[in-house]
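Just so you know, the sequences run in chain order A and B. According to my numbering, the first sequence is numbered sequentially starting from 5. According to my numbering, the second sequence is numbered sequentially starting from 3. Ideal Cβ placement from N, Cα and C applies to all residues, glycine included. Nothing here was measured: the structure is a model prediction, and the numbers come from that model. Below: one structure, written as structure tokens.
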Amino acid sequence: MATYPWVRRAHKYFGPIWVPMASIELLDASGQPHGVIVQVDSGAVISLLRRSVADELGLSLHNGQRVGLGGVGGGEVQAHVHVLSARFDDNVALDLPFAISASEAVPNLLGRFGVFDRLSIHFDSVRKLTRIVLPRSRSGRRRRRASQ
Amino acid sequence: MASADFKWFVDHSLELYEKYPGKWIAVCQGEVVGTGETAVEAADQARERARDGKFLLVALDETDLTYGDLPVGAAGT
């Protein structure tokens, strides 16, 4: 299980707010890890990264499936979907889909598609923590229970 | 548990958002070792300065890019 304390940031209207974030390592084609902080966003249909993350990973942006993503109040962001190996804090690497925008004016997000259906993600708004339980952790627990 | 670099970012987030609005930064062992307009710019600086070669990149969005800085009442309340 990976546990991430929430992050405080100032909001234009509401003062300091808490934001669930997590650090992940994205592996490039040579297996080299690149640590990036993303906002954990259950409202996002798919995970999203800025263009320069693709550049840092050495990805060719346009190789992925082209999609248009909408946000609150309309507008559409063009992006290309890539499957990236992502590692959370307990070193388990998973292949997860990320839409990579051609723009830098988007947030880096961990969204639902291919993520929330594979990982247990718990938002603890009292303790201001996000817990991400990975498949191996869950199956390991089941195995331990079964052996008792 | 989260990495030491992530925890340091959490502990200093308010000041970092204020100091580097709209920038990418790279964090390593309790300090900012790279800044830039893109992840690559911040990472290039960090590769020169990070003591163990490992660092954490974060984009310090100037506004709430996820749902926008919606004015009070815009959500239909």
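| Asked | Found |
| --- | --- |
| Length of the line joining the Cα atoms of residue 34 (chain A) and residue 7 (chain A) | 28 Å |
| Cα-Cα separation, residue 45 (chain A) to residue 114 (chain A) | 6 Å |
| Counted within 10 angstroms of its Cβ, other Cβ atoms place residue 23 (chain A) as buried (16 or more) or exposed | buried |
| Local Cβ density within 10 Å of residue 122 (chain A), reported as buried at 16 or more and exposed below that | exposed |
| Buried/exposed call for residue 67 (chain A), threshold 16 Cβ in 10 Å | exposed |
| Strand pairing of residue 50 (chain A), partner residues [DSSP] | BP columns for residue 50 (chain A) are empty, so no partner. |
| Chain-ordered chain A contacts of residue 34 (chain B) [CB-CB under 8 Å] | Under the 8 Å cutoff, chain A gives no residues; its nearest Cβ is about 13 Å from residue 34 (chain B). |
| Pairwise C-alpha distance: residue 17 (chain A) and residue 18 (chain B) | 19 Å |
| Beta-bridge partners of residue 88 (chain A), as assigned by DSSP | A:100 |
| Simplified DSSP state of residue 130 (chain A), which is helix, strand or coil | coil |
| Below-8 Å beta-carbon distance, residue 40 (chain B) vs any chain A residue | yes |
| Nearest-angstrom Cβ-Cβ length linking residue 41 (chain A) and residue 58 (chain B), presumed shorter than 8 Å | 6 Å |
| Closer than 8 Å to chain A by CB, residue 59 (chain B) | yes |
| Residue 56 (chain B) at chain A interface by Cβ criterion, 8 Å | yes |
| Own chain residues within Cβ distance below 8 Å of residue 116 (chain A), not counting five before or after | 46, 48, 49, 50 |
| Neighbour flag for residue 12 (chain A) against chain B, beta carbons, 8 Å | yes |
| Same chain, Cβ closer than 6 Å to residue 31 (chain A), neighbours up to 5 away in sequence not counted | 37, 89 |
| Cutoff 6 Å; reference residue 126 (chain A); Cβ partners in own chain excluding five residues on either side | 135 |
| Any C-beta of chain B under 8 Å from that of residue 15 (chain A) | yes |
| Bridge partner(s) assigned by DSSP for residue 83 (chain A) | A:71, A:105 |
| Backbone secondary structure at residue 8 (chain A) - three-state DSSP | strand |
| Own chain partners of residue 40 (chain B) with C-beta closer than 7 Å, once the 5 adjacent residues on each side are dropped | 26 |
| Where residue 9 (chain A) falls, given that 16 or more other Cβ within 10 Å makes a residue buried | buried |
| Spatially closest choice to residue 14 (chain B) from B:60, B:46, B:56, by CA coordinates | B:60 |
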